[in-house]
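Step one of this worksheet: look at the structure below.
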Amino acid sequence: MWANPMLVCYELYKVVGGWSTGDDDVVIKILYCGICHSDLHSIKNEWKNAKYPMIPGHEIAGEVTEVGKNVTKFKTGDRVGVGCMVNSCQSCESCNKGFENHCPGIIPTYNTVDLDGTITYGGYSGMVVVHERFVVRFPDTIPLDKGAPLLCAGITVYSPMKYHGLNVPGMHLGVLGLGGLGHVAVKFGKAFGMKVTVISSSPGKKQEALERLGADAFVVSKDAEEMKAAMSTMDGIINTVSANIAMAPLLGLLKPNGKMIMVGLPEKPMEIPPFALVATNKTLAGSCIGGMRDTQEMLDLAAKHDVTADIEVIDVEYVNTAMERLAKADVRYRFVIDIGNTLDKAAAAAE
Ligand SMILES: [Zn+2]
Ligand SMILES: [Zn+2]
Numbered sequence: 029m030w031a032n033p034m035l036v037c038y039e040l041y042k043v044v045g046g047w048s049t050g051d052d053d054v055v056i057k058i059l060y061c062g063i064c065h066s067d068l069h070s071i072k073n074e075w076k077n078a079k080y081p082m083i084p085g086h087e088i089a090g091e092v093t094e095v096g097k098n099v100t101k102f103k104t105g106d107r108v109g110v111g112c113m114v115n116s117c118q119s120c121e122s123c124n125k126g127f128e129n130h131c132p133g134i135i136p137t138y139n140t141v142d143l144d145g146t147i148t149y150g151g152y153s154g155m156v157v158v159h160e161r162f163v164v165r166f167p168d169t170i171p172l173d174k175g176a177p178l179l180c181a182g183i184t185v186y187s188p189m190k191y192h193g194l195n196v197p198g199m200h201l202g203v204l205g206l207g208g209l210g211h212v213a214v215k216f217g218k219a220f221g222m223k224v225t226v227i228s229s230s231p232g233k234k235q236e237a238l239e240r241l242g243a244d245a246f247v248v249s250k251d252a253e254e255m256k257a258a259m260s261t262m263d264g265i266i267n268t269v270s271a272n273i274a275m276a277p278l279l280g281l282l283k284p285n286g287k288m289i290m291v292g293l294p295e296k297p298m299e300i301p302p303f304a305l306v307a308t309n310k311t312l313a314g315s316c317i318g319g320m321r322d323t324q325e326m327l328d329l330a331a332k333h334d335v336t337a338d339i340e341v342i343d344v345e346y347v348n349t350a351m352e353r354l355a356k357a358d359v360r361y362r363f364v365i366d367i368g369n370t371l372d373k374a375a376a377a378a379e
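Per this note's numbering: the sequence shown = residues 29 to 379.
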């Protein structure tokens, strides 16, 4: 078992101590941080790139406490968020088009060497300092705790829906996998006025998908009859599953010209029978988070349609238990750490 990451963070925070606020920087007091599955992969070094000590967390929500002299977008007291990246080259073609997420020089929010040579530290912490370009504003109606997961889970599903035209009223959207990403995809699909069908291997999630999340239909992927009935009915599928599953039957759910967009990351290469794509002109694509302009647009749209994540708010003390539960997919649907109310108390108790 690893040490309580929150308390490691607190120690680091004290050691790093004073920071200098750059002219373009926003200093943020962190109030909430969502726990993304990539935090778990990272702290366990499952991607073999861990830089310890590590402060994970890229679903950060808080309040501005200070701004650099060039900052125009934010002021002290603003409710803001930081997602999966905190810097990029800011001058390449991708950056100029608003796709900082595609920049070869992207600096993820934690576990990365930043342009100044320091390691980036994420949101399981009391504060963070970020260039204003990589800070977004929370609309007033979005609570910071339920809004925090939108900064990774939300943009991850919103961006492919926008760029692959899977945001048109009346279209039929499949959401494969009902976890942190999937449940937000259902909500955005409904916000766009689409028919939404959840495809899941867990029949136990049916009632919740239909009644609480507002999905229109539910298909159990292991049930051959149900799969057959749903064949060739969907315009697109957002595939949030991070496991190696049989792709051909799932591609069979798409109409001709349908698109499946992968946002999950299965560990091993997958087998794609070409016939499943070629026969009726289907597209298989991938998508990774989204640019800063789209992230703000996603939050504004979420506010308009009342889209937020379903969360379980936890104390700092509970982080390790939450990680164990997350490993077993035992959360509906995102843990969010209440940093504002519990970090100082936990640190004081540990001393
Ligand atoms: Zn994430
Ligand atoms: Zn760039």
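Ideal Cβ positions, reconstructed from N, Cα and C, are used throughout, including at glycine.
From a predicted model like this one, the values you see are computed outputs, not experimental measurements.
Under DSSP, residue 166 forms no beta bridge with any residue. Of the other Cβ atoms in all chains shown, 16 or more fall within 10 Å of the Cβ of residue 243; this residue is therefore buried. Counting the other Cβ atoms within 10 Å of the Cβ of residue 62 gives 16 or more, which makes it buried. Residue pairing by DSSP places residue 201 opposite 224, 264 in a beta bridge.
Close to ligand 1, as judged by a C-beta nearer than 5 Å to any of its heavy atoms, are the residues 64, 66, 180, in chain order.
In the structure shown, residue 89 falls within a strand segment according to DSSP collapsed to helix, strand and coil.
Of all C-beta pairs linking the stretch 102–115 to the stretch 285–301, fewer than three are shorter than 8 Å, placing the two stretches out of contact. Within the model, the alpha-carbon separation for residue 213 versus residue 186 is close to 7 Å. In the DSSP assignment, residue 192 falls outside any beta strand (DSSP E) and carries neither an H nor an E.
Counting C-beta pairs with one atom in each stretch, the stretch 348–358 and the stretch 149–165 have fewer than three that are closer than 8 Å, which means they do not touch.
By the criterion of a C-beta distance shorter than 6 Å, residue 371 is surrounded in its chain by 154, 344, once the five residues flanking it on both sides are discounted.
No heavy atom of ligand 2 is found nearer than 7 Å to the CB of residue 112.
Looking at the DSSP output, residue 362 sits in a beta bridge with 339. By the Cβ criterion, the stretch 212–231 is in contact with the stretch 253–272, since at least three pairs of Cβ atoms, one from each stretch, lie closer than 8 Å.
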